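Contents: one structure, followed by commentary.
Protein chains in written order, with my numbering: chain P, 16 to 218; chain B, 16 to 218.
Now the structure itself:
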């Protein structure tokens, strides 16, 4: 048995290696992806490389909310139809994208860039919190919705932010907890069931 | 609820859309991958775009075996340490890569580019078969190993190739069938169990 040998040119090896650093792609699926790209050079490989270069050239972080976009302020912050009295606070840009995809928010956002995690050395100064407090002081802002993950870290971050926002005139809210749509009780954890019962309401 | 709106610049939307065309990445994971790229512009996005362009510029199909590489003949065909008396026939380049990764083949390959599939209109003329027969006539070739998938299509392709190779001096072989390493009998299909029993051998 021989191992460690090169089976393709260094350009292809490097492509596989870099693709393997994308989330959700292990080494095996990175090879599959590389092969799909190589087999479809003109339809996929070349256009994707061009799209990446275009995105890299135009990439900006929104100075208002922390979103990533090709304009600053970002598309969402510049949208004139948005309700600016409500700021939806999320941990990560992926959460902003998820809410936008669902089309359930017609307000503006604020991206923290993570959650408090003392064990990992992530304190308030590492998150985009100062700018949130600043924004919350603006008279047009009435409500700050803490749309953070229902995890220990997310909830302790929400607790910290609630304290920090106490000096402002905004009302602070959080997402409802309960049974997810289509959720089967049998498969839900005790915490979710307890929250759903506690927050029950009349039909 | 509002849907269908643009939540980021067109360059980012296009990046997500093209990433979603890679095997193994659905729309959701394509967004995750795009976000990872955008967040790591200099460490990942720019190098990956460059690697793609480099691969696209240098991409060649090996005129001997049908492999994809940046040189022609490919790295494997040019390797002077390979045993040229054995040609390992595979359906797809991914199979060649799998065998190379395992390091269990020290011979040369021949990539068919698929399998016979009359229902999909894929006849022998659509596969890289003519060149295989040509290669098999070369006096240095002693054996052709049909390393095709253990599927109906793979096996009927193997059957067809065996017939085509009858006029040559080469011996035609195929992979052994049986219990995979670490395989639990309880989880194996009847066909595999039958093959393993039929091909049993003395310890």
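Glycine included, each C-beta is placed from N, C-alpha and C at the ideal position. What you are looking at is a predicted structure, and each value in this text was computed from that prediction instead of being measured.
How is the alpha helix (DSSP H) around residue i delimited, first residue to last?
| i | result |
| --- | --- |
| residue 103 (chain B) | No alpha helix (DSSP H) holds residue 103 (chain B); the beta strand (DSSP E) holding it covers 98–105. |
| residue 181 (chain B) | First-last for residue 181 (chain B): undefined, no H or E at that position. |
| residue 53 (chain P) | 42–54 |
Give every residue of the same chain whose Cβ lies closer than 7 angstroms to the Cβ of residue i, excluding the five residues on either side of it in the sequence, and list them in chain order.
| i | result |
| --- | --- |
| residue 17 (chain B) | In this predicted model, residue 17 (chain B) has a pLDDT of only 43, less than 50, meaning its place in the structure is not dependable; the value taken from the coordinates is given anyway. Within the same chain, residue 17 (chain B) has no close Cβ partners at all. |
| residue 150 (chain B) | 102, 125 and 156 |
| residue 159 (chain B) | 102, 104, 151, 180, 185 and 187 |
| residue 92 (chain P) | 77, 79, 80 and 123 |
| residue 106 (chain B) | 127, 129, 130, 163, 164 and 169 |
| residue 117 (chain P) | none |
| residue 175 (chain B) | 131 and 139 |
| residue 34 (chain B) | 40, 45, 48 and 49 |
| residue 38 (chain B) | none |
| residue 82 (chain P) | 89, 91, 108, 111, 124 and 126 |
Among all the DSSP beta bridges, which residues are the ones paired with residue i?
| i | result |
| --- | --- |
| residue 160 (chain B) | B:103 and B:188 |
| residue 86 (chain P) | DSSP output for residue 86 (chain P) lists no bridge partner at all. |
| residue 75 (chain P) | P:84 |
| residue 132 (chain B) | B:137 |
Any Cβ of chain A within less than 7 angstroms of the Cβ of residue i?
| i | result |
| --- | --- |
| residue 101 (chain P) | The structure shown has no chain A; the protein chains it does contain are P and B. |
Helix, strand or coil: which one does DSSP assign to residue i?
| i | result |
| --- | --- |
| residue 117 (chain P) | helix |
| residue 211 (chain B) | helix |
| residue 123 (chain B) | strand |
| residue 166 (chain B) | coil |
| residue 62 (chain P) | helix |
| residue 149 (chain P) | helix |
| residue 143 (chain P) | coil |
| residue 19 (chain B) | Because the pLDDT at residue 19 (chain B) is just 49, under 50, the model does not fix this residue reliably, and the point stays unresolved. |
| residue 27 (chain P) | helix |
| residue 204 (chain P) | coil |
| residue 218 (chain B) | coil |
| residue 57 (chain B) | helix |
| residue 110 (chain P) | helix |
| residue 34 (chain B) | helix |
| residue 194 (chain B) | coil |
Quick check on the burial criterion: 16 or more other C-beta atoms within 10 angstroms. Buried or exposed for residue i?
| i | result |
| --- | --- |
| residue 130 (chain B) | buried |
| residue 138 (chain B) | exposed |
| residue 212 (chain B) | exposed |
| residue 123 (chain B) | buried |
| residue 134 (chain P) | exposed |
| residue 165 (chain B) | exposed |
| residue 119 (chain B) | exposed |
| residue 115 (chain P) | buried |
| residue 49 (chain B) | buried |
| residue 200 (chain B) | exposed |
| residue 45 (chain B) | buried |
| residue 110 (chain B) | buried |
| residue 24 (chain B) | buried |
| residue 60 (chain P) | buried |
| residue 196 (chain B) | exposed |
| residue 31 (chain B) | buried |
| residue 178 (chain B) | exposed |
| residue 204 (chain B) | exposed |
| residue 209 (chain P) | exposed |
| residue 26 (chain B) | buried |
| residue 84 (chain B) | buried |
| residue 221 (chain P) | The question about residue 221 (chain P) has no answer, for chain P in this structure spans 16 to 218. |
| residue 86 (chain P) | exposed |
| residue 167 (chain P) | exposed |
What residues in its chain sit with their C-beta under 8 angstroms from that of residue i, if we drop five residues either side in the sequence?
| i | result |
| --- | --- |
| residue 19 (chain B) | Legend: pLDDT at residue 19 (chain B) = 49, less than 50; position of this residue unreliable, value from coordinates given subsequently. Excluding residues within five positions, none has a Cβ falling inside 8 angstroms. |
| residue 227 (chain P) | It is not possible to answer for residue 227 (chain P), since the shown part of chain P is limited to 16 through 218. |
| residue 142 (chain B) | 127, 128, 129, 130, 131 and 172 |
| residue 96 (chain P) | 121 |
| residue 99 (chain P) | 122, 123, 155 and 156 |
| residue 63 (chain B) | 52 |
Which residues in the same chain as residue i place their Cβ atom closer than 6 angstroms to its Cβ, once the five residues preceding and following it in sequence are excluded?
| i | result |
| --- | --- |
| residue 88 (chain B) | 77 and 79 |
| residue 53 (chain P) | none |
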